[in-house]
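Numbering (the UniProt record's numbering), first residue to last: 1 to 538.
The structure is reproduced here in structure tokens:
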């Protein structure tokens with residue numbers, strides 16, 4: 001050691017290989033480590049004057065307006081040529097399908113086939129709200145506003161027969177046949193009886209939008225129009241009630257299945273049972289067939305306490321054996337008595353309350369227009385705006401409280417036409433029918449085009465590698481289920497229409513009999529379910 005205090009520099013021994021490796025590693029790495037580089041932006045920076053959202057919105061609105069214009073011109077051309085082989089609604093659906101095919105093909109060719117681009121409405125989360133709250137209300141309100149009230153209420157008994165009894169028959173037949181097909185393996189879907197009835201409640205109600213558009217385009221007889229549209233407007237309430245009942249029952253079944261296994265049970269573990277007996281036997285039927293016993297376990301669970309075989313407990317001291325559990329109900333069992341009682345109670349609430357809200361809205365508008373003296377003022381825009389806003393408010397509020405918005409809006413239109421119409425100014429009276437018919441026509445065209453686009457969109461999902469919510473394309477379509485559903489719906493509709501029509505004709509005059517041709521049209525009225533089939537797939 002050097003220096004006066006013995007703290008001079010001392011020669012260090014030669015470093016070992018481990019120290020050299022550690023020193024090299026420390027020199028190569030720095031602490032704290034540098035931050036990771038940020039990923040490059042998906043798009044290059046844009047100049048401050050460019051707003052991509054405005055450009056995309058303008059393009060979308062331009063496409064929508066172009067499609068509506070093409071649909072209007074197509075319908076006018078068909079009316080001028082008096083085409084009867086294809087309805088106007090069907091032609092607009094073909095227009096939407098053709099546009100989707102052209103757009104998808106052009107986009108795929110432009111991208112070199114690397115990705116399957118398409119004009120898809122399924123990617124929009126708000127499309128259901130656009131249809132339900134934007135396109136449906138004008139059509140229903142206009143139908144109630146221009147309806148022939150005398151003819152409608154003259155056939156009200158027959159309409160109730162179709163809407164309540166007929167819809168119930170359709171739901172039970174559709175659910176029962178769907179469950180039978182699933183039970184015997186004719187469809188790949190595995191349905192329980194409650195799930196099959198849930199499907200029947202969802203798809204058995206007639207779609208009023210397609211019904212109205214088709215009956216108007218073919219100029220159906222007044223009796224047929226009143227019967228079909230009345231059934232479509234009223235059976236919505238029964239479908240809502242039964243759908244909610246079966247949905248809650250399916251939820252209870254799914255929750256019960258998820259809680260059948262204990263916290264220590266699983267596919268790779270044996271069932272654990274806690275018993276007050278000193279030893280425990282494993283029931284044969286509870287053990288999975290073909291599964292070996294776990295190592296260290298025997299048929300008799302070892303226990304360190306006294307056992308019956310040791311003679312500690314006598315037979316008299318043993319607790320009484322529990323009563324045998326009741327056998328499980330068959331898979332098709334459903335407490336129809338409780339279900340029908342609950343459905344009747346809810347139906348008695350929904351039908352009168354929906355009707356009361358619609359009639360009250362119409363009476364309030366009549367009172368408001370009379371008190372404000374709008375009949376003596378030349379402000380047609382304010383009067384018609386009052387009617388439209390009140391009708392939409394009635395529809396949304398009724399739907400918010402879990403009632404039938406369609407039924408409420410329909411009777412609001414009927415009441416406004418009967419009372420409010422005569423409190424309007426002459427200009428508003430002359431304009432009301434034209435305005436409501438214009439809105440309903442535009443919404444009908446838009447809905448038909450959307451249906452055509454949706455058909456191609458689902459075909460793309462089913463036959464290409466496009467993924468929808470992480471699901472491969474070939475898993476979207478179940479052709480066996482779709483084809484069997486068409487047959488089941490037609491059969492259930494036949495069991496609904498023909499027997500009930502014979503019953504209704506027994507109580508009608510000979511001049512007002514429902515003919516066989518009308519019965520065939522009403523039977524085929526179930527085939528307008530493109531929108532409902534889309535909701536079922538969702």
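Idealized CB from N, CA, C, for every residue including glycine.
Just tell me which of the options has its CA closest to the CA of residue i.
| i | options | result |
| --- | --- | --- |
| residue 151 | 223, 163, 109, 198 | 223 |
| residue 91 | 490, 452, 372 | 452 |
| residue 160 | 107, 229, 110 | 229 |
| residue 174 | 157, 401, 156, 201 | 201 |
| residue 93 | 367, 83, 74, 374 | 74 |
| residue 249 | 199, 487, 404 | 199 |
| residue 135 | 494, 448, 507, 485 | 448 |
| residue 539 | 157, 235, 450 | Residue 539 is absent from the structure shown; the chain starts at 1 and stops at 538. |
| residue 425 | 384, 153, 396, 441 | 384 |
| residue 238 | 164, 231, 57 | 164 |
| residue 240 | 348, 59, 191 | 348 |
| residue 195 | 382, 225, 176 | 176 |
| residue 133 | 524, 443, 458 | 443 |
| residue 361 | 382, 373, 416 | 416 |
| residue 446 | 68, 512, 62, 60 | 68 |
| residue 376 | 109, 106, 422 | 422 |
| residue 513 | 186, 233, 221 | 221 |
| residue 193 | 346, 186, 172, 492 | 172 |
| residue 520 | 98, 365, 104, 493 | 493 |
| residue 146 | 127, 429, 157, 371 | 429 |
| residue 458 | 441, 57, 97 | 97 |
| residue 441 | 89, 62, 190 | 89 |
| residue 87 | 219, 366, 365 | 219 |
| residue 244 | 186, 185, 346 | 346 |
| residue 439 | 388, 393, 106 | 388 |
| residue 418 | 78, 364, 205 | 364 |
| residue 128 | 454, 344, 511 | 454 |
| residue 507 | 154, 251, 255 | 154 |
| residue 203 | 225, 242, 190 | 242 |
| residue 394 | 373, 371, 359 | 359 |
| residue 498 | 523, 247, 231 | 523 |
| residue 254 | 149, 191, 509, 185 | 191 |
| residue 130 | 80, 396, 58 | 396 |
| residue 518 | 225, 185, 61, 252 | 225 |
Determine the contact status of residue i and residue j, defining contact as a CB-CB distance below 8 Å.
| i | j | result |
| --- | --- | --- |
| residue 188 | residue 480 | yes |
| residue 496 | residue 170 | yes |
| residue 178 | residue 488 | yes |
| residue 351 | residue 368 | no |
| residue 137 | residue 391 | yes |
| residue 354 | residue 398 | yes |
| residue 456 | residue 101 | yes |
| residue 484 | residue 181 | yes |
| residue 95 | residue 71 | yes |
| residue 162 | residue 500 | yes |
| residue 158 | residue 227 | yes |
| residue 432 | residue 357 | no |
| residue 380 | residue 427 | yes |
| residue 460 | residue 83 | no |
| residue 404 | residue 236 | yes |
| residue 197 | residue 246 | yes |
Using a C-beta cutoff of 8 Å, does residue i count as contacting chain C?
| i | result |
| --- | --- |
| residue 65 | Among the protein chains of the structure shown there is no chain C, as only one such chain exists. |
Could you tell me whether the stretch 140 to 151 touches the stretch 410 to 429, using the rule of 3 or more Cβ pairs below 8 Å? yes
Could you tell me which uninterrupted alpha helix (DSSP H) segments, each at least 4 residues in length, are contained entirely in the stretch 57 to 137, listed from first to last along the chain? 88 to 110
Mind listing, in chain order, the continuous alpha helix (DSSP H) runs of no fewer than 4 residues lying wholly within the stretch 135 to 202? 136 to 145, 149 to 154, 156 to 160, 167 to 183
Within the stretch 400 to 427, note down every full alpha helix (DSSP H) run reaching 4 residues or more, in order along the chain. 405 to 418
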